[in-house]
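> Per my numbering, the sequence shown starts with residue 16, numbered consecutively.
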Amino acid sequence: MGARRDKGHHGTETRKLVAEMLAALHLPGMRAAYEECVRTALQENLGCEEFLRMLLERETETREARRIERLTVQSRLPHGKTFATFDRRRLPPGTARMVEALGDGGFLDRRENVLVFGNPGSGKTHLLCAIADEQVRRGRSVLFTTCSLLVQHLLAAKRDLTLAGALKKLARHEALVIDDIGYVQHSRDEMEVLFTLLADRYERGSVLLTSNLPFSQWERIFKDPMVTAAAIDRLVHHSIIVELNMASYRMAAAQKARKADSGMPAAAMEADA
Ligand code: ADP
Ligand code: MG
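1. Find the nearest neighbour of M241 within the set R68, R187, E207, judged by alpha-carbon distance.
2. If you reduce the DSSP assignment to three classes, tell me which class G26 lands in.
3. Only counting the same chain, and skipping five residues up and downstream in sequence, which positions put a Cβ closer than 8 Å to that of G138?
4. Give the straight-line distance between the Cα atoms of R73 and L223, rounded to the nearest whole angstrom.
5. From what residue to what residue does the beta strand (DSSP E) around V257 run?
6. When you compare each of R78, P108, W233 to L42 by their alpha carbons, which one comes out closest?
7. Give the straight-line distance between the Cα atoms of L92 and H188, rounded to the nearest whole angstrom.
8. Taking C-beta to C-beta, are Q150 and L170 nearer than 8 Å?
9. What do you get for D248, buried or exposed, if any count of 16 or more other CB atoms within 10 angstroms of its CB means buried?
10. Assign K96 to one of two classes, buried (16 or more other C-beta atoms within 10 Å of its C-beta) or exposed (fewer than that).
11. When you compare only the Cα positions, how much space is there between P107 and L57?
12. Can you tell me whether V208 is helix, strand or coil according to DSSP?
13. Should C52 and M69 be called a contact, given that it needs their Cβ atoms to be closer than 8 Å?
14. Skipping 5 residues on each side, what residues in its chain have a beta carbon closer than 8 Å to that of G17?
15. Looking only at its chain, what residues have a beta carbon closer than 8 Å to the beta carbon of T160, apart from the 5 residues adjacent to it on each side?
16. Please state the DSSP three-state secondary structure of F101.
17. When you measure from the CB of K96 to every non-hydrogen atom of ligand 2, does any distance come out below 7 Å?
18. What is the rounded straight-line gap between the Cα of H141 and the Cα of R30?
19. On a Cα-Cα basis, can you pick out the residue from L209, T75, A48, L158 that is closest to T87?
20. Considering I83, what are the terminal residues of the alpha helix (DSSP H) in which it resides?
21. On the CB-based measure, 16 or more other CB atoms within 10 Å of its CB, does A48 come out buried or exposed?
22. Applying the 10 Å Cβ sphere with the 16-neighbour rule, what's the burial state of M45?
23. Do the CB positions of L250 and L130 come within less than 8 Å of each other?
24. List the endpoints of the continuous beta strand (DSSP E) containing V192.
25. F237: beta carbon under 7 Å from a heavy atom of ligand 1?
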């Protein structure tokens, strides 16, 4: 009886010491799982190797979850634009297959670009964000920015003579999402830094971008025909091009809502679309 109590006392002491050491060694996953793993090991009569494996698995899982949390925050991807909220049935079958094939992240390994074109409201931003989000969940490093913010950032860096450093920082991300290239008209200076960025990333990291403008109108973005050709050439060389030539999702949603509201026949609604 006395011996048993002694052993129990030892167990508590040991557990406390182990918990302290796991904290000091920064092993939060093992620390959180330790007591439960001891219980399971006693109940199921596990050997010490299995016990150790179970603990290490918990630490690995905790670290991976934290890493993905960190990558999610760092990505600056807009909230809610994921595949969970994206209706894939709206995509033409060919496009859906293309998007499906991007899932495994091979395009990031091959440093391929994904270029999404289409009219406003066709779902370009949502689709690209969903693709990027899927990669973050697989532990890949992504950064989302709009074209306007990006050029402002690069131009400020150039003025401060820190452009090289800014490009280096961007190069740390495996995917750079540039939303809405060509949507706002930019000055020559702004376009010059954008071109510098694209040239810097060429074959070194993926660029994922959306645009309302087809390539044929990209001279409006880059102003100069030579620069335009050079930019398109670098982007297209290793790329997957997605064309979302479909009706505006916003328009369709608004029409659906109005129809439900007024009970007006569909034909009447088409007229003012
Ligand atoms: P674009 O960038 O082409 O202008 P967005 O991606 O911003 O279009 O889409 C417009 C709105 O419609 C957004 O609120 C978006 O979440 C929604 N949307 C577009 N396509 C889909 C889709 N297939 N499933 C669910 N929501 C969609
Ligand atoms: Mg958009």
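Heads up, the beta-carbon is just placed ideally off N, CA and C, and yes, glycines get one too. Quick caveat, the model's predicted, so the values are computed rather than measured.
Put simply:
1. Your numbering for residue 241 matches position 226 in the sequence shown. Taking only the C-alpha atoms, the option nearest M241 is E207.
2. Taking the sequence shown and counting its residues from 1, the one referred to as residue 26 is at position 11. Reduced to three states, the DSSP call for G26 is helix.
3. Along the sequence shown, read from residue 1 onward, the residue named residue 138 stands at position 123. So the list reads F101, R105, L259, M261, Y264, once near-sequence residues are dropped.
4. For the purposes of this step, residue 73 is taken as residue 58 along the sequence shown, with counting starting at 1. For the purposes of this step, residue 223 is taken as residue 208 along the sequence shown, with counting starting at 1. Using only the alpha carbons, I get a separation of about 34 Å.
5. Sequence index remark: in the sequence shown, residue 257 carries index 242 (1-based). Counting along the chain, the beta strand (DSSP E) containing V257 begins and ends at 254-259.
6. The residue given as residue 42 occupies position 27 in the sequence shown. Nearest of R78, P108, W233 to L42, Cα basis: R78.
7. Sequence index remark: in the sequence shown, residue 92 carries index 77 (1-based). Sequence index remark: in the sequence shown, residue 188 carries index 173 (1-based). Distance between the alpha carbons of L92 and H188: 13 Å.
8. As a working note, residue 150 is residue 135 in the sequence shown. As a working note, residue 170 is residue 155 in the sequence shown. No.
9. Looking up residue 248 in the sequence shown gives position 233. D248 comes out exposed.
10. Indexing the sequence shown from 1 puts residue 96 at position 81. Buried is the call here.
11. Here residue 107 is taken as the residue at index 92 of the sequence shown, counted from 1. Here residue 57 is taken as the residue at index 42 of the sequence shown, counted from 1. Those two C-alpha atoms are separated by around 56 Å.
12. Mapped onto the sequence shown, residue 208 falls at position 193. Here V208 sits in helix by DSSP.
13. In the sequence shown, counting from the first residue as 1, residue 52 sits at position 37. In the sequence shown, counting from the first residue as 1, residue 69 sits at position 54. Result yes, Cβ atoms of C52 and M69 sit closer than 8 Å.
14. If you number the sequence shown from 1, residue 17 lands on position 2. Because the pLDDT at G17 is just 43, under 50, the model does not fix this residue reliably, and the value given afterwards should be weighed accordingly. Answer for G17: no residue qualifies.
15. Along the sequence shown, one-based indexing puts residue 160 at 145. Within the same chain, and ignoring the five residues on either side of T160 in sequence, the residues whose Cβ sits closer than 8 Å to its Cβ are R91, H168, L191, V192, I193, D194.
16. Counting from 1 along the sequence shown, the entry for residue 101 is found at position 86. Secondary structure of F101 (DSSP, three-state): coil.
17. Residue 96 sits at position 81 when you count from the first residue of the sequence shown. Relative to ligand 2, even the nearest heavy atom lies 7 Å or more away from the CB of K96.
18. What you label residue 141 is simply residue 126 of the sequence shown in a count that begins at 1. What you label residue 30 is simply residue 15 of the sequence shown in a count that begins at 1. Rounded to whole angstroms, H141 to R30 spans 49 Å at the Cα level.
19. Walking along the sequence shown from the start, residue 87 turns up at place 72. The residue among L209, T75, A48, L158 with its C-alpha nearest the C-alpha of T87 is L158.
20. Here the question's residue 83 lines up with position 68 in the sequence shown. Here the alpha helix (DSSP H) through I83 covers 63-90.
21. Taking the sequence shown and counting its residues from 1, the one referred to as residue 48 is at position 33. When all chains shown are included, A48 counts as buried.
22. For this step, residue 45 is matched to residue 30 along the sequence shown. Burial call: buried.
23. Taking the sequence shown and counting its residues from 1, one reaches residue 250 at position 235. Taking the sequence shown and counting its residues from 1, one reaches residue 130 at position 115. Their beta carbons are under 8 Å apart, which means L250 touches L130 by this criterion.
24. Start at 1 with the first residue of the sequence shown, and residue 192 comes out as number 177. For V192, the enclosing beta strand (DSSP E) stretches over residues 190-194.
25. Position 222 of the sequence shown, counted from the first residue, corresponds to residue 237. Answer for F237: no, Cβ out of range of ligand 1.
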